[in-house]
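Colleague:
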Amino acid sequence: MCTLVVARGVFPNTPLLLAANRDEYLSRLATGPTIWCDGGIPFVAPRDLLAGGTWLGVNARSVVAAITNRREVPKRDDRRSRGELVTKALGFATATEAAEAIASLDGASYNGFHLVIADGETAHLVWGDGQRMHLHPLDGGLHVITEAGFDGKNRRAQAVFDWLRHLDEPNVEALRPLLTLHASDPFDGLCNHADAIGYGTKSSTVVRFCEDGISMWHCDTRPCEGSGFDDVSHLVANL
């Protein structure tokens, strides 16, 4: 699953806002954000310890990338990890270059996904249906991307649209109530507690582009639990 909220030019002094909840099997281990440098452009991202990739990151050229899976695409275990698509995207200097490069890959090599790639100037959605890659621009305004699709009318997306209409300042304290929204059906909420099947929201991240730089906050557990979000903006500043 996972939920990505992308706001382009919606809030003052905020060309780009990305708020993301990661849903995954609770037993799947990961580390929090660190600086990676594999010989290309360095970036800040958490790391999935099973497949070695990541689900969200920001690079030294101010490119941010984040991924969800895509529902109703048959999953095959012999395909490549979708987490490597994020690290590939973060190897480019602009969002447009990254999106075009990912869209040119073999779509049959990956299970279904939605990949947001953005910088301060442009934003794109590359999605794969298990056979082909598709490239879609994300224009100015508010976008909600989930495993069900993008800018759809599902209950989770509608809850985001309704909630953000009343938000004036998109700081992490103001966004936390959104990222902790629950529902009677756990798969309709942003914060997922499907404990009966060992699945749910495992972490939450907010990335905000402002005139004075990029801020990044990360909660390494469900955002409704623990002490809240850690400010990891210094990692981005040190790239």
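Okay, so the sequence shown: first residue is 41 according to this note's numbering, each after it adds one.
The C-beta atom is built at its ideal place from N, Cα and C for all residues, glycine as well.
Only a predicted model underlies this, so the values are computations on that prediction, with no experimental measurement involved.
1) Taking 6 Å as the limit between beta carbons, can you name the residues of its chain near H176, skipping five residues before and five after?
2) Which stretch, first to last residue, makes up the alpha helix (DSSP H) that contains K128?
3) Using only CA atoms, which one of T71, V113 and L182 lies nearest to Q171?
4) Where V200 and K115 are concerned, what is the direct C-alpha to C-alpha distance, given to the nearest angstrom?
5) Keeping to the same chain, check which residues put their C-beta closer than 8 Å to that of I142; ignore five residues upstream and five downstream.
6) Does the pairing of the segment 90-105 with the segment 58-78 give three or more beta-carbon distances under 8 Å?
7) Can you tell me where the beta strand (DSSP E) holding E209 begins and where it ends?
8) To the nearest angstrom, report how far apart P82 and V276 are at their CA atoms.
9) Taking only the alpha-carbon atoms, compute the straight-line gap between T74 and V84 and give it to the nearest angstrom.
10) In angstroms with no decimal places, state the Cα-to-Cα distance between P210 and L44.
11) I142 lies in the alpha helix (DSSP H); which residues open and close that run?
12) Where F269 and A223 are concerned, what is the direct C-alpha to C-alpha distance, given to the nearest angstrom?
13) Can you tell me which of D159, D88, T134 and G79 puts its alpha carbon nearest to the alpha carbon of S67?
14) When the Cβ atoms of the segment 238-246 are set against those of the segment 255-262, are three or more pairs found closer than 8 Å?
15) How is the alpha helix (DSSP H) around V276 delimited, first residue to last?
16) W167 lies in the beta strand (DSSP E); which residues open and close that run?
17) So is F249 in contact with chain C if we call contact Cβ pairs under 8 Å?
18) On a CA-only basis, which of Y65, P86 and V50 is nearest G72? Give me that one, please.
19) What is the residue span of the beta strand (DSSP E) that T241 lies within?
20) Report the CB separation of T186 from F153 in whole angstroms; it is logged as a contact under 8 Å.
21) Locate the beta strand (DSSP E) running through C259, then write down its first and last residues.
22) Look up D270 in the DSSP assignment and give the residues it is bridged to.
23) For S149 and Q198, I'd like the C-alpha separation in whole angstroms.
24) Could you check the C-alpha separation between C77 and A105 for me, to the nearest Å?
25) What residues in its chain sit with their C-beta under 8 Å from that of Y65, if we drop five residues either side in the sequence?
Modeller: On the basis of the coordinates in this document:
1) L165
2) G123 to A129
3) V113
4) 28 Å
5) L125, K128, A129, L155, I157, V166 and M173
6) yes
7) Run containing E209: none; DSSP gives neither H nor E here.
8) 10 Å
9) 5 Å
10) 15 Å
11) A135 to A143
12) 22 Å
13) D88
14) yes
15) S273 to A277
16) A163 to G168
17) The structure shown contains no chain C; it holds only a single protein chain.
18) P86
19) Y239 to C250
20) With 8 Å as the limit, T186 and F153 do not qualify as a contact, their Cβ atoms being about 12 Å apart.
21) G253 to C259
22) H258
23) 32 Å
24) 16 Å
25) G238 and Y239
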